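Novice: Position one of the sequence shown corresponds to residue 0 (numbering that gives the first Met the number 0), numbered consecutively onward.
Idealized CB from N, CA, C, for every residue including glycine.
Computed from a prediction, not measured in an experiment: that's the story for all the values here.
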Amino acid sequence: MNQSIKTAIITLDLINEICHPKGKLARYADRIANKKIIETTNRVTAWGREKGHLIFHVRVGFHPHYHDASTRARLFKHAKANAVLLLTEWGGQFCEELHVHQEDVQVIKHRVSAFYGTNLDLILRANRVEHLILTGVSTSNAVELTAREAHDRDYEVSILEDATECASDEEQQASKKATTRLVDWKTFAELVQ
């Protein structure tokens, strides 16, 4: 990658509801812990800060009363009934282990993609960012859809294989296979070499 290209690191949905064993949507929290997704993400963001890259932390969630939650979208239509992903509650907060610094940009999304209905693209373009490095969960949903949208918005995209996770190895590999023509898949070690 050309070192003169301005880069941003985007972490996706590393929230208690999904990543903590006590989260209501933590069906693969053990995979996240075993693969050390948050630890690797912290190493990535620390490296990025040293390089002067912008750091974004994106979380999915809804406000009380769920006026911003879809009643039709399959992933979110039961959010209100199950009282999940509330931005004001513990489950909707970033995991305590995730190193979020005051100067990092925080983005709240109400759908799967980090771009849909957010100011992410505006901030990236205002800062002349051309390359995005994605980490987080789930690879097959938030990471993949954000990567696809970023591609269509003319960003160069890298997904960090050792800083993303989903429900199974098969699902992770399927997501990788489905996006290989659009993005670069790397490990953190490959990124920093």
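Tell me whether His19 is buried or exposed, calling it buried when 16 or more other Cβ atoms sit within 10 Å of its Cβ.
Specialist: In the sequence shown, counting from the first residue as 1, residue 19 sits at position 20. The residue in question, His19, is buried, as its Cβ has 16 or more Cβ neighbours within 10 Å.
Novice: Sort His130, Glu169 and Thr40 by Cα distance to Asp183 and report the nearest one.
Specialist: Here the question's residue 183 lines up with position 184 in the sequence shown. Among His130, Glu169 and Thr40, the Cα nearest to that of Asp183 belongs to His130.
Novice: Following the continuous alpha helix (DSSP H) through Val191, name the residue where it begins and the one where it ends.
Specialist: Position 192 of the sequence shown, counting from 1, holds the residue named residue 191. Phe187 to Val191 is the span of the alpha helix (DSSP H), which, as asked, contains Val191.
Novice: Counting C-beta neighbours from all protein chains within 10 Å, is the total for Asp161 16 or more, i.e. buried, or is it exposed?
Specialist: Along the sequence shown, read from residue 1 onward, the residue named residue 161 stands at position 162. Buried: at least 16 other Cβ atoms inside 10 Å.
Novice: List the residues that DSSP assigns as beta-bridge partners of Lys108.
Specialist: Indexing the sequence shown from 1 puts residue 108 at position 109. BP columns for Lys108 point to Val59.
Novice: Kindly indicate the opening and closing residues of the beta strand (DSSP E) around Thr163.
Specialist: In the sequence shown, residue 163 corresponds to position 164, counting from 1. From DSSP, the beta strand (DSSP E) with Thr163 extends over Glu155 to Glu164.
Novice: Bridge partners of Gly135, per DSSP?
Specialist: By one-based count along the sequence shown, residue 135 stands at place 136. Answer by DSSP bridge pairing, in chain order: Leu11 and Thr163.
Novice: Can you tell me whether DSSP reads Leu144 as helix, strand or coil?
Specialist: Locating residue 144 in the sequence shown gives position 145, counting from the first residue. Note: Leu144 maps to helix in three-state DSSP.
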